[in-house]
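J.:
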Amino acid sequence: MTFDEAYRTHFDYVWRTLRRLGVREADASDAAQDVFIVVHRKLETFEGNALLTTWLFRICMYVASERRRSASARHEVADEALDPPSTAPNAEEDAQRKQELALAEGMMDSLTDEQRAVFVLFEIEEMNGDEIAEALEIPVGTVRSRLRMAREAFQAAMTRAKARSEFAGAARSAVKER
Amino acid sequence: MQDPTRLKDEGTLERQLLSRLEEAAPPPGERERVGVILDARLHALGAKRPWFSRTAGVVGLACVGALFLGSGFWLSSSGAGAVRTTSAITPVTPMVEPASAPVPAASAAPVATVAVDPEPATIATDPRQSARPNAPPSARTTSSVAASAAPPTPSVAAEEVGSDLRDESALLARARGELRAGAPATALDTLADANKKFPNGALSQEREALTIEALSRSGHTIDARERFDAFARANPESPHTARLRRLFP
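If you read the protein sequences in the order shown, they are chains A and B.
Under the numbering used here, the first residue of the first sequence is numbered 0, with each subsequent residue one higher.
Under the numbering used here, the first residue of the second sequence is numbered 262, with each subsequent residue one higher.
(1) If the cut-off is 7 Å on Cβ atoms, which residues from the segment 13 to 26 of chain A count as contacting chain B, listed in chain order?
(2) N89/A by DSSP, collapsed to three states: which one?
(3) Does the structure place the segment 152 to 163 of chain A close enough to the segment 124 to 138 of chain A that three or more beta carbon pairs sit under 8 Å?
(4) Do we get a CB-CB distance below 8 Å when we pair T502/B with the residues of chain A?
(5) By DSSP, does N456/B sit in helix, in strand, or in coil?
(6) State yes or no: is the beta carbon of G181/A nearer than 8 Å to at least one beta carbon in chain B?
(7) Establish whether the CB of V295/B and some CB of chain A are separated by less than 8 Å.
(8) In terms of residue numbering, what span does the alpha helix (DSSP H) encompassing H9/A cover?
(9) Select from L274/B, P510/B and R468/B the residue whose C-alpha is nearest the C-alpha of L100/A.
(10) How big is the Cα-Cα spacing for R437/B and L471/B?
(11) Do you know how far the Cα of Q95/A is from the Cα of L511/B?
(12) Just to confirm, are L110/A and C59/A a CB contact at a threshold of 8 Å?
(13) Could you spell out the range, first to last residue, of the alpha helix (DSSP H) harbouring K41/A?
(14) Contact criterion: CB-CB distance below 8 Å. Does M106/A meet it with respect to chain B?
(15) For the segment 293 to 304 of chain B against the segment 28 to 37 of chain A, are there 3 or more C-beta pairs whose distance is under 8 Å?
(16) Which of the three DSSP states, helix, strand or coil, is assigned to P398/B?
(17) So with Cβ pairs under 8 Å, would you call D264/B a contact of chain A?
(18) Using a Cβ-Cβ cut-off of 7 Å (strictly less than) and excluding sequence neighbours within five positions of R486/B, which residues of its own chain qualify?
(19) Verify whether the separation of the beta carbon atoms of Q114/A and A169/A is less than 8 Å.
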């Protein structure tokens, strides 16, 4: 496969994977460039005994991890200033989806990079334990333990989010009753 | 040992939240736009030839004029001028590669090149350098001269062009920061300053897009609307037009 083909076929996959691995939307295209710079250098060494997507996923993991670490070190926050609220007819639905996405991303942020990679491959890419072990070159037992911890962390974050939501709802009701 | 049941098969909320993560996809045209930028980066890193040129006809070099506002760096093409600019964007952080992969020989240092010849020149810069006053000057400028059409002092002219671009880019970055900080009036002052200093600047399209946004946010909606309509007529394919359209549905 040529670089051109790899780029055309897998740009969307790389972009989505980076987002799922915690790269902010505003940085996803920049990070995708980083991934393809590596691909450009290394494609000749890709042996083809694994899926190209698996190879790309591993490059995405490294790039995403570095980006997240670097963003965290700079104490960056999401830049919404140039993304004005939508006024489209389905604006409410859009807002709801964005809110849910932000919530899901916040919950994913409670996972370590290693847990997150396993979680994404299992829960979103729907790979099984053996496939994940092969893709990440780790024992299947490690996959299962990381997955268990990731799910616990995800569900704990979901419980916290629910509690906050219920608390906010109760507070709004109390204000209305006054 | 069997794999556990997937979370999305366990509960509605889990399914809903995970589906939001699944839905995330690049905006339309992003692959082509990034391809043009990536082409410039690879070229700057010593790639033998622009690999994306075969598809450039599909998207048009207008993509190079995209302003990547969210990341805080600027890309632009002058459109009418003799100088075409592209941005060789370097990652904010050092490139990290899989441990098992061999370390590439190519240098990743950002290099600005200016070619002065009868054809439109290409300038590759890292505008983020200019937006950070304390950043080390890592860009290096070189020039090659084609005899007949070259100006008398090409290297000086090229450096001036690069310097102007950096100054213009820095002003626009400042305006953008002011706008982001909720100070559209201040941003308008900065943009007026940029207009005065660089009336025919390479980043005039980006300046106008920011001006329209600042006008809208400062309550000058009629002015903003009129300028947007003119902008959209002049630049129907611009990514700024698509973005600004959200302000003026």
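A virtual CB, placed ideally from N, CA and C, is assigned to each residue, including glycine.
All values derive from a computational prediction rather than experimental measurement.
T.: For this structure:
(1) W14, R15, R18, R19, A25 and D26
(2) Numbered from its first residue, the first sequence carries residue 89/A at position 90. Coil at N89/A, not helix or strand.
(3) no
(4) As a first step, residue 502/B must be located in the second sequence, where it is residue number 241. For T502/B, the answer is no, since every Cβ of chain A falls outside 8 Å of its Cβ.
(5) Position 195 of the second sequence, counting from 1, holds the residue named residue 456/B. If DSSP states are grouped into helix, strand and coil, N456/B belongs with the helices.
(6) Chain A is shown from 0 up to 177; residue 181/A falls before or after that span and cannot be answered.
(7) Indexing the second sequence from 1 puts residue 295/B at position 34. For V295/B, the answer is yes, since a Cβ of chain A falls inside 8 Å of its Cβ.
(8) As a working note, residue 9/A is residue 10 in the first sequence. H9/A -> alpha helix (DSSP H) spans F2 to R19.
(9) Residue numbering aside, residue 100/A sits at position 101 when the first sequence is read from its first letter. Of the listed residues, the one whose Cα sits closest to L100/A is L274/B.
(10) As a working mapping, residue 437/B is identified with position 176 in the second sequence. As a working mapping, residue 471/B is identified with position 210 in the second sequence. The straight-line gap from Cα to Cα measures roughly 7 Å.
(11) Residue 511/B cannot be examined here, being either before or after the span of chain B that is shown, 262 to 510.
(12) Position 111 of the first sequence, counted from the first residue, corresponds to residue 110/A. Position 60 of the first sequence, counted from the first residue, corresponds to residue 59/A. It is not a contact, given that the beta carbons lie outside the stated cut-off.
(13) Here residue 41/A refers to the residue found at position 42 of the first sequence. That run of the alpha helix (DSSP H) goes E24 to K41.
(14) What you label residue 106/A is simply residue 107 of the first sequence in a count that begins at 1. Closer than 8 Å to some Cβ of chain B, the Cβ of M106/A qualifies, so yes.
(15) yes
(16) The count along the second sequence starts at 1 and reaches residue 398/B at position 137. Confidence at P398/B is low in this model, with a pLDDT of 34, below 50, so its placement is unreliable and the value that follows should be read with caution. Three-state result, P398/B: coil.
(17) In the second sequence, counting from the first residue as 1, residue 264/B sits at position 3. By this cut-off, D264/B is an interface position.
(18) As a position in the second sequence, residue 486/B is number 225, starting the count at 1. Hits under 7 Å: F509.
(19) Locating residue 114/A in the first sequence gives position 115, counting from the first residue. Locating residue 169/A in the first sequence gives position 170, counting from the first residue. Their beta carbons are not under 8 Å apart, which means Q114/A does not touch A169/A by this criterion.
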